[in-house]
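Shown next, in structure tokens, is the structure this report addresses.
Following this line, the structure appears as structure tokens:
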């Protein structure tokens, strides 16, 4: 037995709750099945790369420490948690010791403490964490003790960047360079062997050297791409390979020696750099990153160029880089992001004597760059002239004898709502496609929570070649044509591709054509696409004709349409395909499905819509400007004066979805249908009296999908004088016993209530008994029915005092009995009424209540009314406290928004007024929302905080956290605070605190700008420039971070100040920076210039 596989007692069940469903959410996302035993993963298997890494680590590790990551707390270890629950033994016949931690400053102290207490016996400790986690560990790992520990760090590059989940290799690499840890990264995401070999190598190297080492791999792609892997090592194979490495461990401890040992045992030829491409290229590209290298290799293999893939970025072996670059090379192009690759390559060429023998160029790509065949080809075309037809030839599918398992060769895209029918259907199609053993099948699902209330895209590839990203699909399925307003969907369809869309209404072909968007028709004609309508209006007929498929007719209909488009030659084998995809769900017979298909054909369930060339010349009937104005009128000002400024829509729609989450949006769109009944007392009394029979439970705000807490007001104090026009107040909530936790920089979501007097006024106006009970179908689970009184619904759920969007006028018009009122409401919902609608929303501030009072004949029933009024939304406020200092409290700093409307009415922002009226002891519902406002990873890094008005809130929390760090014996860096308001006497918010902190030596400098206290206006940017020398030292020399919180208007001025600081730093160092703006933008990407503005 290896010395580091000594049996240790497992404390799994007592230390981590692995039974929670959230632990397994990513495992369940695998359409090819759950793997409950790591020993089942071997040979050919359908899984994710992250699962393979889990299996490799589990097989040879005796101790596993795991840290939460962005995207999902169990992102990197969900399989390990599952195997631990089942007490699966690893290759050494033990269940590994396991511990789970949160990521925060000093995150590595738990590991160091374990080593100190228990020793190591030479046993490497395997650690799973994200790139930001390694950054947080830097301080603790930089100690001399940590450098002597065999720590196998397995790091995912997963990170959040500008609301998108990305791979951020640079953050982890910067930490590894600072710590002098070697980094290993696979260069082929389709090669299971390399993924396993490097994971084993990392474990071996930490044992071999007795020091920490890093295995750094891709983030989103490794987690969410499920595909066919071949030649996968079993648990026993991993053990034998690792044992072989241990037996060969002798002599020099180096990267080369480790690779030599691995190559000797495996018969491979791994090295720090891998070259692919032409033997004598003139142009060579250099890239780092698993997904990047994989996608580039597939294109480079078709060209007369070369590609150097970096497998070991740290330490960067400059001599070996020069050796691998062919002598014929005249131009070297470095494809880099924030990974420092350009600097390493430049130094290597210079020291290797080749710097002057070739030209050096760079392409700096953003973290959210989409690596697909088309985008890669366009990138390469910037540096070499390419023949696109050669790279993307039109290949006719090879003739083959079709069987029930045959799958087509092709790429497929599916677009839909994240709670729609497409989500489940794609998994079943991928499963059916994978049954063709001659094909490599992959599925990659993407969730965009930011658009359309939650959108979904699925890429499926079925090919005899290597797996590739999809940007040119053979078949595109669209659940709803409304998705066209968010993405240029047809841009990712091949010429001649089949486009399938779901139609919900019973229409003739002529009517369907008439309702198609004009731009959609034009693009179809330009791209020579085929168009098919999947007719969901016949679902009821299909259910009646085939009772055995009732409830599943929609899914079967989509699958049938897909197979007929993707592989029309299947013919009668389509029945087998439907059985393969759905047979495990319930009992199905081939004759039943045969009858179903016949019913579809009899009812024209799949209609081919002729795409005519004349569509190319169609003209828009509504000008683009009017459409934009209409959209803005509908979406703008969701919460009166408190609404945040909406970003302008881009002129060109994106081709690819923005991956904001790994899961569907927990909120349903406002338009989601609800069943609402004004139910009699007798029926409801039965349900309350016999809760077990009716499955009744009491829940806190079941209408809200986020985790909520009930807190009590413990202080509500106005900070500005009562005679002052602005009411700014400090409010504290007691969280004792609630379980509410929050981190620095996070926001508190307030689930406010409507004013009780306004509620009673509306009940009287609408002639509704406030005590009458209402049943409402839960927005997230239609099986759950919520019971509340009409008064409670108006108080907590319905935003009847808010501003209605266009769709409300459209819905209300259907209930108007007077023709003039019906016509007026219809006009407001049309493009013709856009100007008046905008005036009502932005000038008059008309509420739902106002509109109902104005249009007296439009009287939907109370049940119908609740359907068409938007629900109350939570309002987020930056938290003004540190939970380390206030373990049972949370603080907020808020200004009451008020104004007088054209009718002379004093109006208030809904949530700020609600909070200001709360009294000590009052209870309210709150939730926590993450934020980008985070402290730097090192306590010694300076922070520069600039806040206007209530924008000071997070900075009070920052300083409290710094006080806690100082109490723990940590060294803290300089702290600069710049604040701005109108008058010192009235608005020096938290002024006494700031002065006390400065006197105590915590706060380095206060730069207060009170713009109206002197004849000349002084603003926050003026105070910043007065201390530019000190800030240059803090930001440039000491790698500090700069924060701005408050309204948007000072952003350009503050950014200009930061640019001046960067210029001053360069000047002091005798340097010249040509593009200072880019440096500041890079600071944003690196999390060193953080804006939270509204």
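Numbering (the numbering used here), first residue to last: 279 to 1372. For each residue, glycine too, the CB sits at the ideal point set by N, CA and C.
Check: Rounded straight-line distance, which links the Cα of residue 439 to that of residue 1363; Outcome: 7 Å
Check: 8 Å CB neighbourhood of residue 424 in its chain, flanking five on each side removed; Outcome: 386, 390, 418 and 490
Check: Where residue 588 falls: helix, strand or coil (DSSP); Outcome: strand
Check: Residues near residue 253 in its chain [Cβ-Cβ closer than 6 Å; skip 5 each side]; Outcome: Past the boundaries of the shown model lies residue 253; the chain is included only from 279 to 1372, so the question cannot be answered.
Check: Validate contact between the region 678-695 and the region 466-475 using beta carbons, cut 8 Å, 3 pairs; Outcome: no
Check: Bridge partner(s) assigned by DSSP for residue 886; Outcome: 810
Check: Option nearest residue 1157 by Cα separation, candidates 1179, 1202, 1174 and 1236; Outcome: 1236
Check: Segments assigned beta strand (DSSP E), at least 3 residues, entirely inside the region 479-543; Outcome: 491-495 and 503-510
Check: Bounding residues of the beta strand (DSSP E) (the contiguous stretch that carries residue 1254); Outcome: 1253-1259
Check: 9 Å Cβ cutoff met for residue 1180 and residue 1121; Outcome: yes
Check: Three or more C-beta pairs below 8 Å linking the region 511-530 and the region 725-743; Outcome: no
Check: Residue 721 classed as buried or exposed, judged by whether at least 16 other C-beta atoms fall within 10 angstroms; Outcome: buried
Check: Touch test, the region 782-794 against the region 825-840, Cβ-Cβ under 8 Å, three pairs minimum; Outcome: no
Check: Completely contained alpha helix (DSSP H) runs for the region 604-637, where each covers 4 or more residues; Outcome: 619-629
Check: Extent of the continuous beta strand (DSSP E) run through residue 694; Outcome: 688-695
Check: Beta bridge counterpart(s) of residue 1287 as assigned by DSSP; Outcome: 1258
Check: Exposure label - residue 429; buried when at least 16 CB within 10 Å; Outcome: buried
Check: Unbroken alpha helix (DSSP H) run spanning residue 1395, endpoints; Outcome: Within the shown structure, residues of the chain are numbered from 279 to 1372, placing residue 1395 beyond reach of any answer.
Check: Top-ranked residue by Cα proximity to residue 650, from 380, 1183 and 751; Outcome: 751
Check: Contact set for residue 505: own chain, Cβ-Cβ below 6 Å, skip 5 residues either direction; Outcome: 720 and 745
Check: Proximity winner among 1294, 634 and 1006, relative to residue 1170 (alpha-carbon distances); Outcome: 1006
Check: Close-in-space but distant-in-sequence residues of the same chain around residue 931 (CB under 6 Å, 5 per side omitted); Outcome: 765 and 766
Check: Identified DSSP bridge partners for residue 641; Outcome: 613
Check: Touch test, the region 1338-1347 against the region 1301-1314, Cβ-Cβ under 8 Å, three pairs minimum; Outcome: yes
Check: Stretch-stretch touch, CB-based, cutoff 8 Å, three pairs: the region 806-818 with the region 866-886; Outcome: yes
Check: Nearest-angstrom Cβ-Cβ length linking residue 513 and residue 337, presumed shorter than 8 Å; Outcome: 5 Å
Check: Cβ-based burial, residue 299 [other Cβ within 10 Å; buried from 16]; Outcome: Here residue 299 scores only 45 on pLDDT, less than 50, and its place in the model is too uncertain to base an answer on.
Check: Minimum length 4: unbroken alpha helix (DSSP H) runs contained in the region 331-366; Outcome: 356-363
Check: Per DSSP, the bridge partner or partners of residue 1026; Outcome: 1155 and 1206
Check: Residue 1165 (DSSP reduced to helix, strand or coil); Outcome: coil
Check: C-beta atoms of residue 1222 and residue 1319 nearer than 9 Å; Outcome: yes
Check: Spatial neighbours of residue 454 in its chain, beta-carbon cut-off 6 Å, leaving aside the 5 residues before and after; Outcome: 461, 492 and 592
Check: Rounded Cβ spacing between residue 339 and residue 374 (contact assumed at less than 8 Å); Outcome: 5 Å
Check: Where the alpha helix (DSSP H) containing residue 773 begins and where it ends; Outcome: Per DSSP, residue 773 belongs to no alpha helix (DSSP H); it is in the beta strand (DSSP E), 771-781.
Check: Neighbourhood of residue 427 by C-beta, 6 Å cutoff - its chain only, sequence neighbours within 5 removed; Outcome: 393
Check: Residue 710 versus residue 502 - alpha carbon distance; Outcome: 19 Å
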